[in-house]
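> Under the UniProt record's numbering, the residue at position 74 of the sequence shown is numbered 74, and the numbers go up by one with no gaps.
All C-beta atoms, glycine included, are put in the ideal place defined by N, C-alpha and C.
Only a predicted model underlies this, so the values are computations on that prediction, with no experimental measurement involved.
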Amino acid sequence: MLSSSSLSSSALGIPTDEEQATGLERKVMKALEKGLDPYSMFPPKRHAGTKEDPNIVPSITDKRIVGCICEEDNSAVIWFWLHKGEPQRCPSCGAHYKLVPHQLP
Ligand SMILES: [Zn+2]
1 MLSSSSLSSS ALGIPTDEEQ ATGLERKVMK ALEKGLDPYS MFPPKRHAGT KEDPNIVPSI
61 TDKRIVGCIC EEDNSAVIWF WLHKGEPQRC PSCGAHYKLV PHQLP
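#1: Which partner residues of H102 appear in the DSSP bridge assignment?
#2: Shorter than 6 Å, the distance from the beta carbon of A76 to the closest heavy atom of ligand 1, or not?
#3: Apart from the five residues on each side of it in sequence, which residues of its chain come closer than 7 Å, Cβ to Cβ, to E33?
#4: Could you spell out the range, first to last residue, of the beta strand (DSSP E) harbouring S59?
#5: Assuming V77 and Y97 make a contact with CB atoms under 8 Å, what is their CB distance in whole Å?
#6: V28 to E86, Cα distance in whole Å?
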């Protein structure tokens, strides 16, 4: 007879929070590869990107990948991971980005 403790969530096929987050990140990466914008991460109006006015980045997890077009006419996009908490800066141009919690509709 099985005790409830022997039934781990993974054995039941229920993904843990971590596995779900990984799945979401995979979805995001897939969408990005297709040139889609899964989070509307290229808003028409950009914030100044200064420490006082960072670019606001909504995320459904506590980290996400961010694409920075460092200059308006730049065709290269700098991708980097943004984590919840203190604003982070683009490693190329130094623009500030801040992750804010976002709920899916
Ligand atoms: Zn940049």
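With the structure as the only source:
#1: In the DSSP output, where bridge partners are listed per residue, H102 has none listed.
#2: no
#3: none
#4: N55 to S59
#5: Not really, about 13 Å apart at Cβ, beyond 8 Å.
#6: Distance between the alpha carbons of V28 and E86 is about 23 Å.
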